[in-house]
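Number of protein chains: 2
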Amino acid sequence: MPFRTPFTELFGIRHPIVLAPMGATSGGALAAAVTHAGGLGLIGVGYADEEYINREFDAAGNQPVGIGFITWDLAKNPKRLDVALARKPRAVMLSFGDGSPFVRPIKESGAKLIMQVQSLALAREAKRLGADVVIAQGVEAGGHGGDPNNGRSTFPLVPAVVDAVAPVPVLAAGGVADGRGLAAALALGAAGVLIGTRFVATAEALSHVNVKQRVAAAGGDDTLRTRVFDIGRVIDWPEEYTGRALANDFSGRWHGNEAALRQALDTERLRYFAAAGKGDTGTMVVWAGEGLDLIRDVRPAEKIVERIVAEAEAALARTSAARI
Amino acid sequence: MPFRTPFTELFGIRHPIVLAPMGATSGGALAAAVTHAGGLGLIGVGYADEEYINREFDAAGNQPVGIGFITWDLAKNPKRLDVALARKPRAVMLSFGDGSPFVRPIKESGAKLIMQVQSLALAREAKRLGADVVIAQGVEAGGHGGDPNNGRSTFPLVPAVVDAVAPVPVLAAGGVADGRGLAAALALGAAGVLIGTRFVATAEALSHVNVKQRVAAAGGDDTLRTRVFDIGRVIDWPEEYTGRALANDFSGRWHGNEAALRQALDTERLRYFAAAGKGDTGTMVVWAGEGLDLIRDVRPAEKIVERIVAEAEAALARTSAARI
Chain G
15 MPFRTPFTEL
25 FGIRHPIVLA
35 PMGATSGGAL
45 AAAVTHAGGL
55 GLIGVGYADE
65 EYINREFDAA
75 GNQPVGIGFI
85 TWDLAKNPKR
95 LDVALARKPR
105 AVMLSFGDGS
115 PFVRPIKESG
125 AKLIMQVQSL
135 ALAREAKRLG
145 ADVVIAQGVE
155 AGGHGGDPNN
165 GRSTFPLVPA
175 VVDAVAPVPV
185 LAAGGVADGR
195 GLAAALALGA
205 AGVLIGTRFV
215 ATAEALSHVN
225 VKQRVAAAGG
235 DDTLRTRVFD
245 IGRVIDWPEE
255 YTGRALANDF
265 SGRWHGNEAA
275 LRQALDTERL
285 RYFAAAGKGD
295 TGTMVVWAGE
305 GLDLIRDVRP
315 AEKIVERIVA
325 EAEAALARTS
335 AARI
Chain H
15 MPFRTPFTEL
25 FGIRHPIVLA
35 PMGATSGGAL
45 AAAVTHAGGL
55 GLIGVGYADE
65 EYINREFDAA
75 GNQPVGIGFI
85 TWDLAKNPKR
95 LDVALARKPR
105 AVMLSFGDGS
115 PFVRPIKESG
125 AKLIMQVQSL
135 ALAREAKRLG
145 ADVVIAQGVE
155 AGGHGGDPNN
165 GRSTFPLVPA
175 VVDAVAPVPV
185 LAAGGVADGR
195 GLAAALALGA
205 AGVLIGTRFV
215 ATAEALSHVN
225 VKQRVAAAGG
235 DDTLRTRVFD
245 IGRVIDWPEE
255 YTGRALANDF
265 SGRWHGNEAA
275 LRQALDTERL
285 RYFAAAGKGD
295 TGTMVVWAGE
305 GLDLIRDVRP
315 AEKIVERIVA
325 EAEAALARTS
335 AARI
């Protein structure tokens with residue numbers, strides 16, 4: 015039994031479940047699978063170029079999907095937005111940076127504008143800019159997001175954002191990995207959820223098989239928010255964002271010793287890329303959120319969507335039965 | 015309409031709502047009010063002595079209440095547990111430190127043992143020790159708790175703890191301030207909630223009126239986790255815990271400059287205590303969680319409990335209606 019929310023109504027879809035546009039992970043095949051299962055798949059651009067965008071839209075076939083950009087990186091080569099809009103995406107999601115230059119072309123293309131925020135202040139700004147959907151992302155999320163010094167956690171952030179941007183639909187992001195999370199997000203007033211880490215451990219994700227298996231095996235106590243992987247890959251993320259990843263040998267050596275890592279970058283950078291090339295998760299980054307405890311298998315994305323919906327129904331039935 | 019959960023069954027109470035035992039805040043009057051409203055009130059000991067414990071049990075009158083200790087501080091003067099157990103508390107809650115020396119006297123007294131944890135590893139340990147109830151506390155909670163470096167956020171921590179300690183009932187703590195939060199906690203599999211900050215802004219709290227008004231006025235973006243207030247008050251909290259409080263002049267000056275604060279302690283300590291004595295919230299600590307956005311008034315505790323239950327019912331009805 016599907017859930018009908020202002021978000022599913024806006025997109026005319028069956029399930030209020032959105033694939034997070036994870037770079038080098040959420041390719042066209044995964045996005046298409048999530049859309050086909052009744053949710054909304056978003057291709058993740060990351061730091062990739064126009065060719066990648068076209069290739070992944072091709073991979074999505076005729077399934078209607080959307081796309082998500084890292085806003086500060088998009089600003090370095092904004093032609094990528096034109097390439098994406100030419101593919102008629104259902105939605106364009108902007109995260110991490112000043113989205114204002116991109117609002118008008120996105121809305122004029124007919125795509126819905128989804129803006130992800132990490133605080134109540136940013137939520138108010140997204141509403142002012144005309145976002146069709148606002149995503150409230152907690153610091154428990156995998157990958158990049160607000161650092162705990164300026165970001166917020168999902169549980170209290172979601173209802174606060176819902177109140178602040180009403181009637182704009184809000185999705186919960188960060189820590190959602192099963193149907194209990196979907197049911198809880200709806201109870202908090204969200205119109206749906208954005209899910210990342212759970213979709214890494216799927217057949218369709220572009221990730222290395224070792225990464226998928228680490229995600230299925232690890233637990234939420236094993237993650238940390240850090241800058242060391244960005245330093246090692248020489249990607250200059252703005253100061254206000256960190257990324258949540260699995261702790262590994264690389265983070266154990268450099269987290270807290272960032273200045274020394276910058277000094278050693280000539281060799282560490284090469285070592286990092288060599289490890290990433292062969293899927294060595296002791297050195298390469300495995301972005302992952304605190305929802306890891308709820309992820310124990312690698313499955314086709316469609317099965318994940320079906321299971322989350324069934325679990326959400328069960329959670330809601332159980333909770334409703336507690337009323338006497 | 016009340017909610018029946020394994021927690022309400024265990025205590026024979028109407029609502030799965032527990033008052034967090036906040037030191038110098040959750041006195042006997044507030045604990046009694048929450049119990050009278052159908053929840054479970056816990057007196058907060060903080061760093062106080064036997065006389066305080068007896069006075070606050072007296073203030074609770076004939077309402078059955080429980081009590082909560084800071085475990086590492088209790089170990090400095092464990093006679094306080096005997097004094098508390100002589101008052102026949104419904105429950106004893108232990109947080110922050112090694113609870114193992116206190117498990118046996120608590121259970122032998124007939125009180126229920128409630129243990130608060132900040133990670134999945136600590137949750138497994140609490141189950142092993144024989145906790146009757148486990149509280150999963152996220153880093154968004156006000157006051158002391160896990161630092162983001164080792165603690166977890168409420169949304170993903172709760173279902174992971176539920177799975178790990180089943181069939182022991184779990185309460186969600188951190189970011190719960192209204193009925194949407196109660197409904198969401200139940201959806202995540204919790205058997206109830208522990209609420210702190212919302213009960214600061216009540217008629218019965220021991221807090222200074224200026225503190226209550228700041229809690230009602232401030233927002234969740236305005237908090238930070240810090241050690242500076244503990245340093246200023248000369249309270250030696252273990253390294254693994256920080257406290258979430260409202261940012262103010264004092265934290266603005268010293269957060270990130272902790273070594274300098276320690277150097278200036280001879281004068282800063284006196285300045286801090288003078289400010290605390292007159293309720294000057296520009297300098298004194300106002301512990302508060304990220305649920306602040308959901309708190310906009312100072313009310314009697316009974317009204318708060320009633321409102322949370324009504325809101326939870328509404329949230330659940332709304333969520334159930336989304337199923338089509």
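Chains as they are written, first to last, in our numbering: chain G, 15 to 338; chain H, 15 to 338. Think of the CB as a built atom: it goes at the ideal place given N, C-alpha and C, for glycine as much as any other residue.
{"Item": "Return the chain-ordered ranges of every alpha helix (DSSP H) run that is complete within the stretch 135 to 216 of chain H and spans a minimum of 4 residues.", "Value": "168 to 179, 193 to 201, 211 to 214"}
{"Item": "So who's on the other strand from L54 (chain H), going by DSSP bridges?", "Value": "H:V32"}
{"Item": "Nearest CA to the CA of Q132 (chain H): which residue from H:N91, H:R101, H:R142, H:V175?", "Value": "H:V175"}
{"Item": "Here's a check: name, in chain order, each residue in its chain whose Cβ is nearer than 6 Å to the Cβ of F264 (chain H), leaving out the five neighbours to either side.", "Value": "T297"}
{"Item": "Taking a contact to mean a Cβ-Cβ separation below 9 Å, would you say A171 (chain H) touches G210 (chain G) in this structure?", "Value": "Sequence inspection shows Leu at residue 171 (chain H); the Ala mentioned does not correspond to that position. No, these two residues do not count as a Cβ contact at 9 Å."}
{"Item": "Since G165 (chain H) and G159 (chain H) should fall inside the 8 Å C-beta cutoff, what is the C-beta to C-beta distance between them, to a whole number of angstroms?", "Value": "6 Å"}
{"Item": "Could you have a look at S109 (chain G) and say whether DSSP puts it in helix, strand or coil?", "Value": "strand"}
{"Item": "Are the C-beta of F110 (chain G) and some C-beta of chain H separated by less than 9 Å?", "Value": "no"}
{"Item": "Rounding to the nearest angstrom, what Cα-Cα distance links G82 (chain H) and M107 (chain H) in this structure?", "Value": "4 Å"}
{"Item": "Who are A81 (chain H)'s beta bridge partners in DSSP?", "Value": "Looking at the sequence itself, residue 81 (chain H) is Ile, so the reference to Ala does not match. Its beta-bridge partners are H:I57, H:V106."}
{"Item": "Do G52 (chain G) and G37 (chain G) have their C-beta atoms closer together than 9 Å?", "Value": "no"}
{"Item": "Less than 8 Å between the CB atoms is what I'm expecting for A231 (chain G) and A204 (chain G), so what's the real figure, rounded?", "Value": "Their Cβ separation, rounded to whole angstroms, is 29 Å, which puts A231 (chain G) and A204 (chain G) out of contact at 8 Å."}
{"Item": "Going by beta carbon distance, what residues of the same chain come within less than 8 Å of G42 (chain H), once the five residues before and after it are set aside?", "Value": "I57, R69, E70, F71, D72, A73, A74, G75, V79"}
{"Item": "What span of residues does the alpha helix (DSSP H) with K93 (chain G) cover, start to end?", "Value": "93 to 99"}
{"Item": "So with CB distances below 8 Å, who are the chain H contacts of I338 (chain G)?", "Value": "M15, P16, F17, R18"}
{"Item": "What would DSSP say about G257 (chain H), mapped onto helix, strand or coil?", "Value": "strand"}
{"Item": "Is there at least one Cβ from chain H nearer than 9 Å to L208 (chain G)'s Cβ?", "Value": "no"}
{"Item": "State the Cα-Cα distance for the pair V223 (chain G) and G293 (chain G), rounded to the nearest angstrom.", "Value": "8 Å"}
{"Item": "Taking the alpha carbon of R276 (chain H) as the point to measure from, which residue in H:F169, H:F243, H:T39 has its own alpha carbon closest?", "Value": "H:F243"}
{"Item": "Nearest-angstrom Cα distance between G303 (chain G) and R283 (chain G)?", "Value": "25 Å"}
{"Item": "Thinking C-alpha only, which one of H:W268, H:A197, H:Q77 is nearest V323 (chain H)?", "Value": "H:A197"}
{"Item": "Which residue from H:A336, H:E327, H:I338 puts its Cα closest to that of T333 (chain G)?", "Value": "H:E327"}
{"Item": "Could you tell me the alpha carbon to alpha carbon distance between G60 (chain H) and G60 (chain G), rounded to whole angstroms?", "Value": "48 Å"}
{"Item": "Would G195 (chain G) pass as a contact of F116 (chain H) if the rule is Cβ separation under 9 Å?", "Value": "no"}
{"Item": "If you scan the stretch 247 to 298 of chain H from start to end, which runs of the beta strand (DSSP E) of 3 or more residues do you find wholly inside it?", "Value": "255 to 260"}
{"Item": "Along the beta strand (DSSP E) that carries L238 (chain G), what are the first and last residues, could you check?", "Value": "237 to 240"}
{"Item": "What are the residues of the stretch 232 to 260 of chain H that lie near chain G, defined by any Cβ-Cβ distance shorter than 8 Å?", "Value": "G233, G234, D235, L238, R239"}
{"Item": "Measuring CB to CB, does L54 (chain G) end up less than 9 Å from L88 (chain G)?", "Value": "no"}
{"Item": "By the three-class DSSP mapping on this structure, what secondary structure does L220 (chain G) have?", "Value": "coil"}
{"Item": "Check whether chain G comes within 9 Å of E154 (chain H), counting only Cβ atoms and requiring the distance to be less than that.", "Value": "yes"}
{"Item": "Taking the CB atoms as reference points, tell me whether A150 (chain G) and R258 (chain G) lie closer together than 9 Å.", "Value": "no"}
{"Item": "Give every residue of the same chain whose Cβ lies closer than 6 Å to the Cβ of D236 (chain G), excluding the five residues on either side of it in the sequence, and list them in chain order.", "Value": "L260, A261"}
{"Item": "Determine, for R69 (chain H), whether the minimum Cβ-Cβ distance to residues of chain G falls below 9 Å.", "Value": "no"}
{"Item": "Here's a check: name, in chain order, each residue in its chain whose Cβ is nearer than 6 Å to the Cβ of A219 (chain H), leaving out the five neighbours to either side.", "Value": "T39, L44"}
{"Item": "Exposed or buried, which one is P162 (chain G) when buried takes at least 16 other CB atoms within 10 Å?", "Value": "buried"}
{"Item": "Excluding sequence positions up to five away, which residues of its chain have a Cβ less than 6 Å from the Cβ of G188 (chain G)?", "Value": "Q151, G152, E154, A155, T168"}
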